[in-house]
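One structure is given below, encoded as structure tokens.
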Amino acid sequence: MSSDRSNSKIRSSALGYAIAFMLLVGMIASGILFISSVNKRLERHHNMKEHLLMDNYLGLLHGARTLTEGKQQIIHSSGDTTEITRRTWGMFRVIVSHTHHKVGSVTKSAIVGYETDESHPALYLPERKQTLKLCGETRLEGTIVVGERGLERGHIAGQSYKGDKLLYGKQKQAERSLPGIKTSLKNENIQKYRENCLKIDPIRKDTTFSFSEQTRLVSQIERLYIQNSIRGNVILHSFDTIVVSAGITLENVILIAPNVRFEAGFQGMVQVIAHERILLEKDVKLLYPSALVLNEDRKNTSMDEHGIYLREKSTVLGGVLLFSQFPNPRRRLKLEVDKARIGGLVINLGETELNGEVIGHLYTNQFTLRAGGGTYSNHLLNAKISTADLPKEMVLPNWLTDEKVTKPKIISCF
Numbered sequence: 000m001s002s003d004r005s006n007s008k009i010r011s012s013a014l015g016y017a018i019a020f021m022l023l024v025g026m027i028a029s030g031i032l033f034i035s036s037v038n039k040r041l042e043r044h045h046n047m048k049e050h051l052l053m054d055n056y057l058g059l060l061h062g063a064r065t066l067t068e069g070k071q072q073i074i075h076s077s078g079d080t081t082e083i084t085r086r087t088w089g090m091f092r093v094i095v096s097h098t099h100h101k102v103g104s105v106t107k108s109a110i111v112g113y114e115t116d117e118s119h120p121a122l123y124l125p126e127r128k129q130t131l132k133l134c135g136e137t138r139l140e141g142t143i144v145v146g147e148r149g150l151e152r153g154h155i156a157g158q159s160y161k162g163d164k165l166l167y168g169k170q171k172q173a174e175r176s177l178p179g180i181k182t183s184l185k186n187e188n189i190q191k192y193r194e195n196c197l198k199i200d201p202i203r204k205d206t207t208f209s210f211s212e213q214t215r216l217v218s219q220i221e222r223l224y225i226q227n228s229i230r231g232n233v234i235l236h237s238f239d240t241i242v243v244s245a246g247i248t249l250e251n252v253i254l255i256a257p258n259v260r261f262e263a264g265f266q267g268m269v270q271v272i273a274h275e276r277i278l279l280e281k282d283v284k285l286l287y288p289s290a291l292v293l294n295e296d297r298k299n300t301s302m303d304e305h306g307i308y309l310r311e312k313s314t315v316l317g318g319v320l321l322f323s324q325f326p327n328p329r330r331r332l333k334l335e336v337d338k339a340r341i342g343g344l345v346i347n348l349g350e351t352e353l354n355g356e357v358i359g360h361l362y363t364n365q366f367t368l369r370a371g372g373g374t375y376s377n378h379l380l381n382a383k384i385s386t387a388d389l390p391k392e393m394v395l396p397n398w399l400t401d402e403k404v405t406k407p408k409i410i411s412c413f
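Here it is in structure tokens:
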């Protein structure tokens, strides 16, 4: 009798262990299935996020390829939807791509430039029936386009030309005038931009403005002194003068005023549209893609010279353009590069005093030089003009009339 009871207890215990084991196995199996399900969901979510980012980037590329301004919507095969906004931003363009799906949304903006079919020379100096005289440690590298009298060794302020040859490259015959610039550049002023802007009060703290929102405009009659770091979609305008403090940062901002001055030591990425004078004090660094445009939109009736002036150790990377809507041979626009450097494209429909470097391409109507107590025409002293060190990745502003766009290029994305 006791033996039957013992056997019954053993069978009950075994059954209990079996049930417990089956429950444990079931829990483990359920856990594995749950983890697998979660992983698959996470993987799907991750893949959809990747699709979102990829489709957003494709939206940027598509927007860059379309040359007209405006908005467009794209429905992707993944189910994502992208809204694209295209507009001019100074000398370049801005593309905003907003992509959304049930997993979320992504918004990216890009500064875009355009490569062209134009093969810019290192130097273009129109035919003036004059020789271009080289003095001191001047060096010309690349293809130059000059008058039929070409180049000549010169001697000025006690400095003779030191090179073993006049040109390290090829020489071509110039026409009597510079290539034309786009007529639309005459409209580079505050009237062009203010229509679609939201005017705001002067900025008193460090601020970033998104390109996915309406452009902000700060405009005042008196001098505007910028003392805060400002980034993005904003135009700063003064009817008098803009002064940029050295201790701040500007990124992708547009400045518009008759006169603009950067204090010594400033560094940033900025586009400037001025009508009288742009001054870069010592050691100012305007990083790529920056642009300086001097659009003289009224007659110069004052005794003051209009132009762009780069002081010692200053740098501009991008483009520099000077032109007058009321040209006066007695009051030419002036580009003065004093122991400074410009990298990119320079078009000056006035005269250039180059005591520094142009790494890229220089178009100018005339050279002038002040040395030894005198002023000389078509002389270069200790100047360098070269295409050799210009990065191939650099996209130049499209300023010439006859150049045709070949393909877009995203300069920066944020």
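Using numbering that gives the first Met the number 0, the letters of the sequence shown correspond one by one to residues 0 to 413. Every residue, glycine too, gets a C-beta built ideally from N, C-alpha and C.
Legend entry - Beta-carbon proximity of I234 to I253, cut-off 8 Å: The residue given as residue 234 occupies position 235 in the sequence shown. The residue given as residue 253 occupies position 254 in the sequence shown. Result yes, Cβ atoms of I234 and I253 sit closer than 8 Å.
Inset, instruction - Scan the region 172 to 255 and note each continuous beta strand (DSSP E) run of 3 residues or more that stays entirely inside, going in chain order. - result: 206 to 208, 215 to 219, 223 to 225, 229 to 231, 233 to 237 and 240 to 243
Legend entry - P257 and A273 closer than 8 Å at C-beta: Along the sequence shown, read from residue 1 onward, the residue named residue 257 stands at position 258. Along the sequence shown, read from residue 1 onward, the residue named residue 273 stands at position 274. Yes, they are a contact pair.
Legend entry - Stretch-stretch touch, CB-based, cutoff 8 Å, three pairs: the region 106 to 115 with the region 349 to 358: no
Inset, instruction - Taking 8 Å as the threshold, find out whether the region 92 to 103 comes into contact with the region 375 to 386 through three or more Cβ pairs. - result: no
Legend entry - L309 beta carbon less than 8 Å from that of V292: Position 293 of the sequence shown, counted from the first residue, corresponds to residue 292. Position 310 of the sequence shown, counted from the first residue, corresponds to residue 309. Their beta carbons are not under 8 Å apart, which means V292 does not touch L309 by this criterion.
Legend entry - Local conformation of N55 per DSSP, three classes: Mapped onto the sequence shown, residue 55 falls at position 56. Looking at N55 - three-state DSSP - the assignment turns out to be helix.
Legend entry - Proximity to L197 [Cα-Cα], best of T206, V217 and S209: Position 198 of the sequence shown, counted from the start, is the residue given in the question as residue 197. Of the candidates T206, V217 and S209, the one whose C-alpha sits nearest the C-alpha of L197 is V217.
Legend entry - Option nearest T65 by Cα separation, candidates F413, G78, P407 and R340: On the sequence shown, position 66 is the one that residue 65 refers to. Closest by alpha carbon: P407.
Inset, instruction - Between the Cα of K383 and those of G153, F322, K338 and T206, spot the shortest distance and give me the residue it belongs to. - result: Indexing the sequence shown from 1 puts residue 383 at position 384. Here the closest residue by C-alpha is K338.
Inset, instruction - Grab the span of the beta strand (DSSP E) containing H97 for me, first residue to last. - result: Counting from one through the sequence shown, the residue named residue 97 turns up at place 98. It spans F91 to H100 - the beta strand (DSSP E) in which H97 sits, taken as one unbroken run.
Inset, instruction - Kindly give me the distance between the Cβ atoms of G267 and L286, rounded to whole angstroms, as I take these residues to be in contact under 8 Å. - result: Position 268 of the sequence shown, counting from 1, holds the residue named residue 267. Position 287 of the sequence shown, counting from 1, holds the residue named residue 286. Correct: roughly 7 Å between the Cβ atoms.
Inset, instruction - Find out if the Cβ-Cβ distance for the pair L278, G343 is shorter than 8 Å. - result: On the sequence shown, position 279 is the one that residue 278 refers to. On the sequence shown, position 344 is the one that residue 343 refers to. Their beta carbons are not under 8 Å apart, which means L278 does not touch G343 by this criterion.
Inset, instruction - Mind checking who V404 pairs with in its DSSP beta bridge? - result: Position 405 of the sequence shown, counting from 1, holds the residue named residue 404. T115, per the DSSP bridge assignment.
Inset, instruction - Find out if the Cβ-Cβ distance for the pair K333, S313 is shorter than 8 Å. - result: Translated into positions along the sequence shown, residue 333 becomes position 334. Translated into positions along the sequence shown, residue 313 becomes position 314. Not a contact, by the Cβ cut-off of 8 Å.
Inset, instruction - Would you tell me roughly how many angstroms separate the C-alpha atoms of L166 and R203, rounded to the nearest one? - result: Translated into positions along the sequence shown, residue 166 becomes position 167. Translated into positions along the sequence shown, residue 203 becomes position 204. The straight-line gap from Cα to Cα measures roughly 52 Å.
Inset, instruction - Go to R369, then tell me how far its beta strand (DSSP E) extends in each direction, as first and last residue. - result: Taking the first residue of the sequence shown as position 1, residue 369 is located at position 370. Residues K333 to A370.
Inset, instruction - Decide if H236 is buried, meaning its Cβ has at least 16 other Cβ atoms within 10 Å, or exposed. - result: By one-based count along the sequence shown, residue 236 stands at place 237. With 16 or more Cβ atoms within 10 Å of its Cβ, H236 is classed as buried.
Inset, instruction - List the DSSP bridge partners of M268. - result: What you label residue 268 is simply residue 269 of the sequence shown in a count that begins at 1. DSSP, once it has assigned bridges, lists E250 as partnering M268.
Inset, instruction - With DSSP collapsed to three states, give me the class of L165. - result: Within the sequence shown, numbered from 1, the residue matching residue 165 stands at position 166. L165: coil per DSSP, three-state reduction.
Inset, instruction - Mark E174 as exposed unless 16 or more other C-beta atoms lie within 10 angstroms of its C-beta, in which case mark it buried. - result: Residue mapping note: residue 174 aligns to position 175 of the sequence shown, counting from 1. So E174 counts as exposed.
Legend entry - Cβ-Cβ separation, F210 to L231 (assumed contact under 8 Å), whole Å: Indexing the sequence shown from 1 puts residue 231 at position 232. Indexing the sequence shown from 1 puts residue 210 at position 211. Inspection of the sequence shows that residue 231 is occupied by Gly rather than by Leu. Right, their Cβ atoms sit about 6 Å apart.
Legend entry - H305 (DSSP reduced to helix, strand or coil): Locating residue 305 in the sequence shown gives position 306, where the first residue counts as 1. Here H305 sits in coil by DSSP.
Inset, instruction - Check whether the region 115 to 125 touches the region 95 to 106, taking contact to mean three or more Cβ pairs, one atom from each stretch, closer than 8 Å. - result: no
Inset, instruction - With DSSP collapsed to three states, give me the class of G78. - result: If you number the sequence shown from 1, residue 78 lands on position 79. Reduced to three states, the DSSP call for G78 is coil.
Legend entry - Residue environment, L361, which counts as buried when at least 16 other CB atoms sit within 10 Å: Along the sequence shown, read from residue 1 onward, the residue named residue 361 stands at position 362. Classification of L361: buried, given that the 10 Å Cβ count is 16 or more.
Inset, instruction - Out of Q71, T400 and V243, state which residue places its alpha-carbon closest to the alpha-carbon of G179. - result: On the sequence shown, position 180 is the one that residue 179 refers to. The shortest C-alpha separation from G179 is found at T400.
Legend entry - Whole-Å CB distance - L133 paired with R148, under 8 Å assumed: Numbered from 1 along the sequence shown, position 134 holds the residue referred to as residue 133. Numbered from 1 along the sequence shown, position 149 holds the residue referred to as residue 148. With a Cβ gap of about 13 Å, L133 and R148 do not count as contacting.
Legend entry - Beta-ladder partner(s) of G317, from DSSP: Position 318 of the sequence shown, counted from the first residue, corresponds to residue 317. For G317, which the question treats as bridged, DSSP gives the partners S289 and G343.
Inset, instruction - Please state whether DSSP places H45 in a helix, a strand or coil. - result: Residue mapping note: residue 45 aligns to position 46 of the sequence shown, counting from 1. Because H45 sits at a pLDDT of 49, beneath the cut-off of 50, its placement in the model cannot be relied upon, and the following sentence gives the value as read from the coordinates. DSSP places H45 in helix when its eight states are reduced to three.
Legend entry - Beta carbon of N327 nearer than 8 Å to that of N299: For the purposes of this step, residue 327 is taken as residue 328 along the sequence shown, with counting starting at 1. For the purposes of this step, residue 299 is taken as residue 300 along the sequence shown, with counting starting at 1. Against a cut-off of 8 Å, the Cβ pair of N299 and N327 comes out as a contact.
Legend entry - Limits of the beta strand (DSSP E) - the one that G373 falls within: Taking the sequence shown and counting its residues from 1, one reaches residue 373 at position 374. From DSSP, the beta strand (DSSP E) with G373 extends over G373 to S376.
Legend entry - Sub-8 Å separation of Q324 and D296 beta-carbons: Walking along the sequence shown from the start, residue 324 turns up at place 325. Walking along the sequence shown from the start, residue 296 turns up at place 297. Closer than 8 Å, so yes.
Inset, instruction - Quick one: residues in its chain with C-beta nearer than 7 Å to the C-beta of E187, no 5 flanking neighbours on either side, listed in chain order? - result: Taking the sequence shown and counting its residues from 1, the one referred to as residue 187 is at position 188. Closer than 7 Å at the Cβ level, and outside the excluded window around E187, lie I272, V292 and N294.
Inset, instruction - Pull up the DSSP beta-bridge partners for N258, would you. - result: In the sequence shown, counting from the first residue as 1, residue 258 sits at position 259. Paired residue(s): T240 and R276.
Legend entry - Burial state of M302, where buried means 16 or more other Cβ atoms lie within 10 Å: Along the sequence shown, read from residue 1 onward, the residue named residue 302 stands at position 303. So M302 counts as exposed.
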